[in-house]
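The block underneath contains the structure these notes are about, expressed in structure tokens.
Number of protein chains: 2
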Amino acid sequence: MTFDEAKDKFIHTWGTLATQWGINRSMAQLHALLLIAPQPLATEDVMEQLQISRGNASMNLRDLMDWGLIYKQLKPGERREFFMAEKDIWKVARQVAKERRRREITPVVEVLNELKMISTDTPEAKEFQRVMEGLSSVVGFADNTLNAVIKAEENWLMGQFLKVFR
Amino acid sequence: MTFDEAKDKFIHTWGTLATQWGINRSMAQLHALLLIAPQPLATEDVMEQLQISRGNASMNLRDLMDWGLIYKQLKPGERREFFMAEKDIWKVARQVAKERRRREITPVVEVLNELKMISTDTPEAKEFQRVMEGLSSVVGFADNTLNAVIKAEENWLMGQFLKVFR
DNA sequence: TTGTGGTTTCAAAATATTTTGAAAGATTTG
DNA sequence: CAAATCTTTCAAAATATTTTGAAACCACAA
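Protein chains in written order, with this note's numbering: chain E, 394 to 559; chain P, 394 to 559.
Below, the structure written as structure tokens:
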């Protein structure tokens, strides 16, 4: 496989995976492209390489910045803006974990806590409460796992631990 | 909050969360409904309660069975099929972990391994390989975590461990 | 101030996904 | 076997999401 083939395959694969995770293809491909770019790229570059429109590029670059996954870079003497991805992949993972926790886990925890407190006078209500409690524990686990990623500066301890379960 | 309000809120919340995870709303709501139903439900019941069409119900019930999250139940003397959800939430979590691992992680691991082996004669290629290696380790972590969930019959050990990171 | 080179916005178009519902397919019963 | 009852399928309709591209905007230089 040539380097260009590998590059295409990576960008494509990353885009496909992302859609299964509720992230749109352009954003994922943009991220993939910047991840493997040795130099910061200008908007024109990414439009060119991914064959997407200016608006699309602009919006998704902004979203990626909101996620803390890429940065703007200004080159002295250059008017245009350049973009570079955060290359420390564990930092990327922490960032994603942090955002997903904030956007998805936290609100659900709140709703579950609210719903757990319903009175249990009928069989339906009793069942309902049981399910809510079970879900709380699973969501709590997910929350802890994300926190582990977020907090872990070094990951060897976690690595060691997880071997236990293999 | 009355029980009915709580029920609606749960079904609605679950549906919203699911879409962020690439699962469609009907499927999520069906699952939510069956999770909190004390008795198995017939197709008509779910159509009625969620206000969805027969075809929609049929397809998504089938998908939920493929995921191993619900079961068909035959009642003696009844011609129709009834559906009940797996109520052991940790079993549900294990099932979801298993499926997502199979459908998402495993293929990516394979692609990454393939892409890691590219020759590193240019700076671009060198950078590319670095990124692939980093991603491999992150994806490997995700894989291990899912495995931990899949393998863990009891979760106290994991619970204890994860406290370390709090 | 105006012109130039860039970025952002957003309504409309394109595309993708989900849902519907009617027809075809099963399976049980008389 | 035919009728009754229920399930599945799938093309078309509805809906939701993504992408486009032209206009508005912005910052700087002349």
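A virtual CB, placed ideally from N, CA and C, is assigned to each residue, including glycine.
Reduced DSSP category for residue 467(P) - H, G, I as helix; E, B as strand; rest coil: Taking the first residue of the second sequence as position 1, residue 467(P) is located at position 74. It is a strand residue.
Cβ-based neighbour list, residue 505(E), same chain, cut-off 8 Å, excluding 5 preceding and 5 following: What you label residue 505(E) is simply residue 112 of the first sequence in a count that begins at 1. 525, 528, 529, 532, listed in sequence order.
Nonlocal neighbours in the same chain, by C-beta distance under 6 Å from residue 536(P), ignoring five residues either side: Position 143 of the second sequence, counted from the start, is the residue given in the question as residue 536(P). So the qualifying residues of the chain are 498.
Proximal chain P residues relative to residue 399(E), where beta-carbon distance stays under 7 Å: Numbered from its first residue, the first sequence carries residue 399(E) at position 6. Those are 508, 511, 521, listed as they occur along chain P.
Length of the line joining the Cα atoms of residue 442(P) and residue 494(P): In the second sequence, counting from the first residue as 1, residue 442(P) sits at position 49. In the second sequence, counting from the first residue as 1, residue 494(P) sits at position 101. Looking at the two C-alpha atoms, the distance is approximately 32 Å.
Cβ-Cβ separation, residue 539(E) to residue 478(E) (assumed contact under 8 Å), whole Å: Here residue 478(E) corresponds to residue number 85 of the first sequence, with the count starting at 1. Here residue 539(E) corresponds to residue number 146 of the first sequence, with the count starting at 1. Not quite, the Cβ-Cβ distance comes to about 21 Å (not below 8 Å), so this is no contact.
Test item: CB-CB of residue 410(P) and residue 501(E) under 7 Å: The residue labelled residue 410(P) in the question sits at position 17 within the second sequence. The residue labelled residue 501(E) in the question sits at position 108 within the first sequence. Yes, the pair counts as a contact, with Cβ atoms nearer than the cut-off.
Member of 466(P), 395(P), 402(P), 510(P) whose CA lies at the smallest distance from the CA of residue 435(P): In the second sequence, the residue the question calls residue 435(P) occupies position 42. Measuring from the Cα of residue 435(P), the nearest candidate turns out to be 466(P).
Beta-carbon proximity list for residue 464(P), same chain, < 6 Å, skipping 5 on both sides: Here residue 464(P) corresponds to residue number 71 of the second sequence, with the count starting at 1. 477, listed in sequence order.
Local Cβ density within 10 Å of residue 408(E), reported as buried at 16 or more and exposed below that: As a working mapping, residue 408(E) is identified with position 15 in the first sequence. Counting Cβ neighbours within 10 Å, residue 408(E) comes out buried, since at least 16 surround it.
Short Cβ contact (7 Å threshold) for residue 431(P) with residue 507(E): Residue 431(P) sits at position 38 when you count from the first residue of the second sequence. Residue 507(E) sits at position 114 when you count from the first residue of the first sequence. Cβ distance not < 7 Å, so residue 431(P) and residue 507(E) don't count as in contact.
Test: residue 461(P) CB closer than 7 Å to a CB of chain E: To locate residue 461(P), count along the second sequence from 1; it is residue 68. No - not a single Cβ of chain E is within 7 Å of the one on residue 461(P).
Residue 394(P) - DSSP class collapsed to helix/strand/coil: Translated into positions along the second sequence, residue 394(P) becomes position 1. Of the three classes helix, strand and coil, the one that applies to residue 394(P) here is coil, per DSSP.
Beta carbon proximity, residue 443(P) to chain E, threshold 7 Å: By one-based count along the second sequence, residue 443(P) stands at place 50. False, the Cβ-Cβ gap to chain E never drops below 7 Å.
Neighbouring residues, chain E, relative to residue 515(P) (Cβ below 8 Å): Taking the second sequence and counting its residues from 1, the one referred to as residue 515(P) is at position 122. What residue 515(P) touches in chain E: 396.
Top-ranked residue by Cα proximity to residue 419(E), from 457(E), 429(E), 398(E): As a working note, residue 419(E) is residue 26 in the first sequence. Checked all of 457(E), 429(E), 398(E); the closest Cα to residue 419(E) is 457(E).
7 Å Cβ cutoff met for residue 543(P) and residue 496(P): Within the second sequence, the letter at position 150 stands for residue 543(P). Within the second sequence, the letter at position 103 stands for residue 496(P). No, these two residues do not count as a Cβ contact at 7 Å.
Cβ of residue 431(E) within 7 Å of any chain P Cβ: Here residue 431(E) corresponds to residue number 38 of the first sequence, with the count starting at 1. Residue contact check for residue 431(E) against chain P: a CB pair falls below 7 Å.
Interface positions of the region 405-417 of chain P facing chain E (Cβ-Cβ less than 8 Å), listed along the chain: 406, 410, 412, 413, 414, 415
Min CB distance residue 498(P) to chain E below 7 Å: The sequence position of residue 498(P) within the second sequence is 105, counting from 1. So, not an interface residue.
Supposed close pair residue 425(P), residue 445(P) - CB separation, criterion 8 Å: Within the second sequence, numbered from 1, the residue matching residue 425(P) stands at position 32. Within the second sequence, numbered from 1, the residue matching residue 445(P) stands at position 52. About 13 Å separates the two Cβ atoms, so there is no contact after all.
Supposed close pair residue 448(P), residue 415(E) - CB separation, criterion 8 Å: Here the question's residue 448(P) lines up with position 55 in the second sequence. Here the question's residue 415(E) lines up with position 22 in the first sequence. Incorrect: roughly 25 Å between the Cβ atoms, too far for contact.
Assigned secondary structure, residue 462(E) (DSSP; H/G/I helix, E/B strand, else coil): Along the first sequence, one-based indexing puts residue 462(E) at 69. If DSSP states are grouped into helix, strand and coil, residue 462(E) belongs with coil.
Backbone secondary structure at residue 520(E) - three-state DSSP: Here residue 520(E) refers to the residue found at position 127 when the first sequence is read from its first residue. Secondary structure of residue 520(E) (DSSP, three-state): helix.
Burial state of residue 471(E), where buried means 16 or more other Cβ atoms lie within 10 Å: Walking along the first sequence from the start, residue 471(E) turns up at place 78. By the neighbour-count rule (16 or more Cβ atoms within 10 Å), residue 471(E) is not buried but exposed.
Any C-beta of chain P under 7 Å from that of residue 434(E): In the first sequence, counting from the first residue as 1, residue 434(E) sits at position 41. No, because no Cβ of chain P sits closer than 7 Å to the Cβ of residue 434(E).
Close-in-space but distant-in-sequence residues of the same chain around residue 474(E) (CB under 8 Å, 5 per side omitted): Residue mapping note: residue 474(E) aligns to position 81 of the first sequence, counting from 1. Within the same chain, residue 474(E) has close Cβ partners 435, 436, 465, 466, 467.
Contact with chain P by residue 356(E), beta-carbon distance below 7 Å: Any answer about residue 356(E) is impossible in this case: the structure gives chain E only from 394 up to 559.
Reduced DSSP secondary structure (H/G/I, E/B, other) of residue 435(P): Here residue 435(P) refers to the residue found at position 42 when the second sequence is read from its first residue. Three-state DSSP puts residue 435(P) in a strand.
Any C-beta of chain E under 7 Å from that of residue 531(P): Counted from its first residue, the second sequence places residue 531(P) at position 138. So yes, residue 531(P) belongs to the interface.
Outcome for residue 413(P) when other beta-carbon atoms lying within 10 angstroms are tallied against a minimum of 16: For the purposes of this step, residue 413(P) is taken as the residue at position 20 of the second sequence. For residue 413(P), the number of other beta carbons within 10 angstroms of its own is below 16, and it is reported as exposed.
Check whether residue 511(E) and residue 399(P) have beta carbons under 7 Å apart: As a position in the first sequence, residue 511(E) is number 118, starting the count at 1. As a position in the second sequence, residue 399(P) is number 6, starting the count at 1. Going by C-beta atoms, residue 511(E) is nearer than 7 Å to residue 399(P).
Straight-line Cα distance separating residue 395(E) from residue 401(P): Residue mapping note: residue 401(P) aligns to position 8 of the second sequence, counting from 1. Residue mapping note: residue 395(E) aligns to position 2 of the first sequence, counting from 1. When rounded, the distance between both Cα atoms is 54 Å.
Under 7 Å from the C-beta of residue 486(P): neighbouring residues of chain E: Position 93 of the second sequence, counting from 1, holds the residue named residue 486(P). Neighbours of residue 486(P) on chain E, chain order: 531.
Residue 573(E): first and last residue of the uninterrupted beta strand (DSSP E) it sits in: In the structure displayed, chain E extends from 394 to 559; residue 573(E) sits before or after that span and is not available.
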